[in-house]
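**Student:**
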Amino acid sequence: MKKWMLKNKFVISGVILGGIGGYAYYHFIGCANGTCMISSKPLNSTLYFGLMGGLFMNIFNKKSDGDTKQT
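Offset between the sequence shown (1-based) and our numbering: plus 618.
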């Protein structure tokens with residue numbers, strides 16, 4: 619587990635920072651009338667931005683020799 623966390627530290631930090639940013643977006647900007655799918659509820663906003671943060675930070679993950687598969 620520790621090896622996996624060290625290998626994916628950028629992705630994990632992206633998910634955490636994205637989730638914090640998503641909740642901040644809901645809290646400070648949000649959606650006044652409740653019709654916005656993402657920013658109308660704090661859970662939706664936190665999960666969406668956490669996912670986007672993890673995907674963005676995955677760009678910076680280094681691939682090791684065992685990660686590539688040649689066909």
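Glycine included, every Cβ here is placed at the ideal spot set by N, Cα and C.
Note that the coordinates shown come from a computational prediction; the quantities given were computed from them, not determined experimentally.
Any contact of the stretch 651-662 with the stretch 623-639, i.e. 3+ C-beta pairs under 8 Å?
**Tutor:** no
**Student:** Pairing CB atoms from the stretch 644-654 with CB atoms from the stretch 669-680, are three or more of them under 8 Å?
**Tutor:** no
**Student:** Since F667 and Y643 should fall inside the 8 Å C-beta cutoff, what is the C-beta to C-beta distance between them, to a whole number of angstroms?
**Tutor:** 7 Å
**Student:** For S663, which three-state DSSP category applies?
**Tutor:** helix
**Student:** G592 by DSSP, collapsed to three states: which one?
**Tutor:** As shown, the chain starts at 619 and ends at 689. That puts residue 592 outside it, with no answer to give.
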